[in-house]
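Residue numbers (our numbering): 1 to 304. A virtual CB, placed ideally from N, CA and C, is assigned to each residue, including glycine. Note that the structure is a prediction, hence the values are computed from the model and not measured.
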Ligand SMILES: Cc1ncc(COP(=O)(O)O)c(C=O)c1O
């Protein structure tokens with residue numbers, strides 16, 4: 001139910017080839033789902049570490065696969081530190097985004113391949129990609145580069161934009177300040193899947209977005225909710241909060257004149273809305289509750 005299934009597919013294949021016997025990860029939620037499901041399918045033991053304040057939907061949709069799910073008191077960066085320590089102590093455990101991270105990250109290239117394929121083997125002019133650790137954005141750019149090098153596509157490399165939530169926007173802040181280093185932050189946003197305060201690939205996101213003439217932008221939690229609703233209303237796609245961040249950043253970039261409205265633009269919706277119901281539950285619902293009579297319906301919707 002998110003793009004993390006792709007990265008885990010590659011990491012799991014590598015882990016088995018390298019002789020690891022257990023699959024594990026620290027996660028902001030979606031990777032937890034993907035590791036738990038992939039390990040169940042592969043018939044191997046898994047350990048999944050999550051922040052204890054994660055959305056209930058992500059807890060349930062991970063635990064159901066029978067993984068050993070460990071809720072850790074702290075934010076993702078605390079969970080990640082614990083996972084790194086455990087990776088040092090358990091030589092046969094493959095933490096997909098720690099000790100087999102190079103393979104995991106390459107899995108994100110499939111989003112770039114699929115984009116070119118769906119456009120009839122050409123590249124878009126611009127792309128907008130959500131950023132947590134930054135691995136996805138960096139690897140999509142790598143995918144576009146490889147397709148070009150292989151002669152499968154021609155023309156300019158796309159301009160790449162990164163999308164973050166204001167409550168966890170260390171890469172956007174570094175971009176705007178003109179810095180090459182990313183200063184860690186304490187996350188506070190409803191976009192929990194993107195809540196990585198100390199992003200491993202942050203500096204590379206700055207390189208890619210600057211090299212391609214793009215930018216990294218951030219939006220408020222209110223804009224995230226509006227982004228989710230806009231995508232649902234206009235496209236029939238229910239995104240999780242990361243998708244809301246991406247749609248809202250697209251709108252902001254357009255408003256600010258940073259994105260060319262005439263260029264082919266692709267935005268990546270990387271996770272599904274059923275996992276973050278709490279974000280939209282307070283602002284959507286039935287038009288009303290009525291008695292089962294036509295009169296009551298007409299009273300509720302006089303124009304129908
Ligand atoms: C739905 C969703 N989109 C995007 C991302 C960002 O991925 P990355 O850490 O590669 O930047 C995540 C990361 O957890 C995610 O869960």
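Residue 228, enclosing alpha helix (DSSP H) - first and last residue:
221 to 235
Measure from the alpha carbon of residue 62 to the alpha carbon of each residue in 75, 77, 73 and 46, then state which is nearest.
46
May I ask you to report which of helix, strand or coil DSSP gives residue 73?
coil
What residues in its chain sit with their C-beta under 7 Å from that of residue 165, if we drop five residues either side in the sequence?
189, 191, 194, 218, 219, 221, 224 and 245
Do residue 159 and residue 125 have their C-beta atoms within less than 8 Å of each other?
Going by beta carbons, residue 159 and residue 125 fall inside the 8 Å limit.
Only counting the same chain, and skipping five residues up and downstream in sequence, which positions put a Cβ closer than 7 Å to that of residue 71?
50 and 52
Helix, strand or coil for residue 115, going by three-state DSSP, please let me know.
Here residue 115 sits in helix by DSSP.
Nearest-angstrom beta carbon gap, residue 6 and residue 145 [assumed within contact, 8 Å]
Contact doesn't hold; Cβ gap of about 18 Å is too wide.
Which whole-angstrom value is the C-beta distance of residue 275 and residue 90, which I expect to be below 8 Å?
In fact, because the Cβ distance is near 29 Å, the residues do not count as touching under 8 Å.
Which ranges would you report for the alpha helix (DSSP H) in the stretch 55 to 111 if only whole runs of at least 4 residues count?
56 to 63, 76 to 89 and 101 to 106
By alpha-carbon positions, which one of 87, 98 and 88 ends up nearest to residue 11?
98
Round the Cβ separation of residue 163 and residue 130 to the nearest angstrom and send it over; I've been treating them as touching at under 8 Å.
5 Å
Residue 209 - DSSP class collapsed to helix/strand/coil
helix
My output table needs one value for residue 250: the three-state DSSP class, helix, strand or coil.
DSSP places residue 250 in helix when its eight states are reduced to three.
Opening and closing residue of the beta strand (DSSP E) in which residue 144 lies
From DSSP, residue 144 is part of no beta strand (DSSP E) but of the alpha helix (DSSP H) over 135 to 149.
Quick one: is the Cβ of residue 4 within less than 7 Å of any heavy atom of ligand 1?
Yes; taking the cut-off as 7 Å, the Cβ of residue 4 has a heavy atom of ligand 1 nearer than that.
Same chain only: Cβ atoms within 6 Å of residue 87, ignoring 5 sequence neighbours per side:
95, 98 and 99
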